[in-house]
Every structure is written in structure tokens, then in C-alpha cells.
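Note sheet for the following structure.
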Amino acid sequence: MRIRQLLNWIVISYIMSAFIAIADQSIDAIQLYDTEYQPGIGLPVGEITLVNGQVVIVHLKEELGYSGISGMNVYRGDLILTAQSANVVILLKDGSQIAQGAGTRIQLNQVVHNPRKRTRSIFLKMSSGKARFSVNKLKSYQNRQFRIKTMSALIGVRGSDFVVQVAPDQTQVAAFEDTELSLVGLELPEMPPVILRAFEQSSIGLGESPTSPIPLSIEEMDGLKYEFQLNKQAMTQKQAKEQEASTEKKQIIRISDTDKKTSTRQLSVDAESLQAPLMEFGNEIKRFENERLEANTYISQQKHEIATELPDFPVFP
1123 MRIRQLLNWI VISYIMSAFI AIADQSIDAI QLYDTEYQPG IGLPVGEITL VNGQVVIVHL
1183 KEELGYSGIS GMNVYRGDLI LTAQSANVVI LLKDGSQIAQ GAGTRIQLNQ VVHNPRKRTR
1243 SIFLKMSSGK ARFSVNKLKS YQNRQFRIKT MSALIGVRGS DFVVQVAPDQ TQVAAFEDTE
1303 LSLVGLELPE MPPVILRAFE QSSIGLGESP TSPIPLSIEE MDGLKYEFQL NKQAMTQKQA
1363 KEQEASTEKK QIIRISDTDK KTSTRQLSVD AESLQAPLME FGNEIKRFEN ERLEANTYIS
1423 QQKHEIATEL PDFPVFP
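To convert, count from 1 in the sequence shown and add 1122; that's our numbering.
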């Protein structure tokens, strides 16, 4: 048990040192590319939908950054930084939104969304600042993980709308309506999680477990929502595009079914048209068959009469 705790401390210390190294680097100290924006690793995992002030995007394993603008794609591993008087809204591929406040750093460590397999796995690291997360619940999905790691806490998302504020020695979490979160102290992972529900808030100090939830007043919630406003227009446009794509897919299926029915109907008509000549000459065929039967009967009768009239052959002496 002691060895395991020691290993946990080593891992946590390493993670904390990495966080501190990032936090110590000022956004002004990051040099920017003077070239056109280049894509990051893999396919886009989201899109910047709103920018106010200076925002910088640093791709994974790169030292230089790009100035963030509305419409720019973000990729796995991207580090998103906002200046002290800036904010940015990011719409992820699963329909979740991140409203990142001033002086905030969030890294998109893992963003996997597979609608066909109905799975989602998102893991973010937040080293400083404040941000609001509006997480798409995706109730029909079998796996819909959404986790956030700070310097002192690990937050498991079960609900949809909440704010996280990260300081060097403490993390504060406030849950809005229809929300449920699981909070764990980063240095005490073996302790049972604290469940934070709608209109509740909690804090997690460095090396401590989360505090017991306390009520979040309407005034506090309204103030946080006003500070971190989501881009509802972008969300509406995304839903409209998804609805349009779904409608087009249904129309294609309907057209395909119509083509199949038309083909079947044409085959039926063709079969009937092929049978029409048979019906037209049916009487002639029947008459010919009757005449053939009468001829066969006449021949049989003639053979019988001939066999009856012929005399017996003479007997040899």
C-alpha cells in the first residue's frame, strides 16, 4: 500500500510540475506563426465560434502558436489560451460547448466522438482560469465520458452545465440546472467521489478531498451565466445542419425505395405484356390441339378395322 501511495505521489508530482510549467508561461511570451493557419493532428475535433480579444492556439508538439479567429478548427492536443481581457467559445464535434474566460488555459488532450458506434470520450486539462462547460448529454450513447483534470481535482461529468475556476492551490466548481458531477481530489483518488448536483457548489484544495456541496444561489448562478455566455447561434446552426443532413439522408432512402417499387412495377408490367401474345393465340392453339387429338383417334380406329378384316395366314402342311 505504501509503495502504491508513493507511486501515486510521483505521478501526481510530475503532472503538477507539467501544469506549473505551462502556467508560468505567459501568453505574451508565446511566439506566433506569421504564416497561414495549418491544421493540427488528425481530423478537427471542434471549431472556434466566438472570439473576443487575444486568443492563441498551440498545436501538440509545437512551440509557436496561431492567433485564434472565429471559424478556425481545433485539433486533438491543442492548447487554447486567452489573454487577461479575452474570451473564446469552442463548439466540439459532439455538440458540447466550452466558454473559456480571461486568462484561461485548456488543453484538448482527448476528443473522440463516434456517432455510428454511439461513443464519446473527452478528456481536458485545465491549468488556470475560469470556464463554463455545456456538455451534450447524449443519453442514447453507451459510452459518453467527459472528464476534466485540474491541478487539484478530477471532474467526471454526468450532467450538462457548470463552471470551473482553477487557482494554483484550489479548484471551485458550480453546477447549474439539470447537472450532476463527480468530484475527486487528484491526490486522493482512492477516496469516494463527491456528487455535485444542480444548484450546488464545491471546492477542492491541493492535496484534499472535495468539500461537501453547498447551495448555489440564483444570484450567483445568474452572475456566472452572464460572465460566460454560450454561442447559442452557433449551436442552433449546428443543429440545423444536422437536421438538414438527416432530412437529406431520409429523402435519399425514400427515393431508393421508390425506385425499387417502380422497378418491381415495371417487371410486373413486362411480364403481363409477355403473356399477352399467348392469350391472343390461345384459341388457335386450342383448335390445333383438338384437331391433333381427332386425327390420332381416327388413325387408331383405322388400324383396328384393318387388323380385324385381314384373314389368317395359311398353315404349312
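Idealized CB from N, CA, C, for every residue including glycine.
Spatially closest choice to Ser1192 from Arg1198, Asp1291 and Asn1174, by CA coordinates:
The residue labelled residue 1192 in the question sits at position 70 within the sequence shown. Out of Arg1198, Asp1291 and Asn1174, Asn1174 has the C-alpha closest to the C-alpha of Ser1192.
Does Arg1238 pass the burial test, meaning 16 or more other C-beta atoms within 10 Å, or should it be called exposed?
Your numbering for residue 1238 matches position 116 in the sequence shown. The residue is exposed, with fewer than 16 neighbouring Cβ atoms inside 10 Å.
Buried or exposed by the 16-neighbour rule on C-beta atoms within 10 Å, applied to Arg1240
As a first step, residue 1240 is located in the sequence shown; it is residue number 118 there, counting from the start. That one is exposed.
So Leu1310 is in the alpha helix (DSSP H); what residue range does that whole segment cover?
Within the sequence shown, residue 1310 is the residue found at index 188, counting from 1. Here Leu1310 belongs to no alpha helix (DSSP H), and DSSP marks it neither H nor E.
For Tyr1348, which three-state DSSP category applies?
Taking the first residue of the sequence shown as position 1, residue 1348 is located at position 226. DSSP places Tyr1348 in the helix class (H, G or I) of the three-state scheme.
Compute every distance between the C-beta of Ser1189 and the non-hydrogen atoms of the ligand FMN, then say whether any falls below 7 Å.
Absence of the ligand FMN from the depicted structure is noted, as is the absence of any ligand whatsoever, leaving it without description.
Indicate whether Ser1325 and Thr1333 have their beta-carbon atoms separated by less than 8 Å.
Your numbering for residue 1325 matches position 203 in the sequence shown. Your numbering for residue 1333 matches position 211 in the sequence shown. Yes, they are a contact pair.
My guess is that Val1286 and Thr1272 are in contact by the Cβ rule of under 8 Å, so how many angstroms apart are they, rounded?
One-based indexing of the sequence shown puts residue 1286 at position 164. One-based indexing of the sequence shown puts residue 1272 at position 150. That pair is a contact at about 7 Å.
Whole angstroms is fine: what's the gap from Leu1182's alpha carbon to Asp1283's?
Stepping through the sequence shown from its first residue, residue 1182 is reached at position 60. Stepping through the sequence shown from its first residue, residue 1283 is reached at position 161. So the alpha carbons of these two residues sit roughly 28 Å apart.
Do Arg1227 and Gly1251 have their C-beta atoms within less than 8 Å of each other?
Residue mapping note: residue 1227 aligns to position 105 of the sequence shown, counting from 1. Residue mapping note: residue 1251 aligns to position 129 of the sequence shown, counting from 1. A contact, by the Cβ cut-off of 8 Å.
Can you tell which of Phe1255, Ser1189 and Val1180 has its C-alpha closest to the C-alpha of Tyr1197?
The sequence position of residue 1197 within the sequence shown is 75, counting from 1. That would be Val1180, whose Cα lies nearest to the Cα of Tyr1197.
Could you give the residue range of the beta strand (DSSP E) that holds Pro1290?
Residue 1290 sits at position 168 when you count from the first residue of the sequence shown. In this chain, Pro1290 is not harboured by any beta strand (DSSP E), its DSSP state being neither H nor E.
Sequence-distant residues of its chain with Cβ nearer than 7 Å to Tyr1159 (five each side left out):
Taking the sequence shown and counting its residues from 1, the one referred to as residue 1159 is at position 37. In chain order, Tyr1188 and Met1194 place their CB closer than 7 Å to the CB of Tyr1159, counting only its own chain and leaving out the 5 sequence neighbours on each side.
Kindly list the residues whose CB is nearer than 6 Å to the CB of Gln1176, restricted to its own chain and excluding five residues on each side of it in sequence; keep chain order.
Sequence index remark: in the sequence shown, residue 1176 carries index 54 (1-based). Same-chain partners within the cutoff: Ala1205 and Ala1208.
Buried versus exposed, by CB contacts within 10 Å (16 or more), Ile1170
Residue mapping note: residue 1170 aligns to position 48 of the sequence shown, counting from 1. Flag for Ile1170 reads buried.
Exposure of Asp1300, with buried meaning 16 or more beta-carbon neighbours within 10 Å
Locating residue 1300 in the sequence shown gives position 178, counting from the first residue. Asp1300 should be labelled exposed.
Identify whether Met1248 lies in helix, strand or coil by the three-state DSSP scheme.
Taking the sequence shown and counting its residues from 1, one reaches residue 1248 at position 126. DSSP places Met1248 in strand when its eight states are reduced to three.
Under DSSP, the beta strand (DSSP E) around Tyr1155 begins and ends at which residues?
Mapped onto the sequence shown, residue 1155 falls at position 33. Here Tyr1155 belongs to no beta strand (DSSP E), and DSSP marks it neither H nor E.
Give me the residue from Arg1254, Leu1186, Thr1293 and His1235 with the minimum Cα distance to Asp1344.
Locating residue 1344 in the sequence shown gives position 222, counting from the first residue. The shortest Cα separation from Asp1344 among Arg1254, Leu1186, Thr1293 and His1235 belongs to Arg1254.
Three-state class that DSSP yields for Asp1283 in the structure shown:
Position 161 of the sequence shown holds residue 1283. Three-state result, Asp1283: strand.
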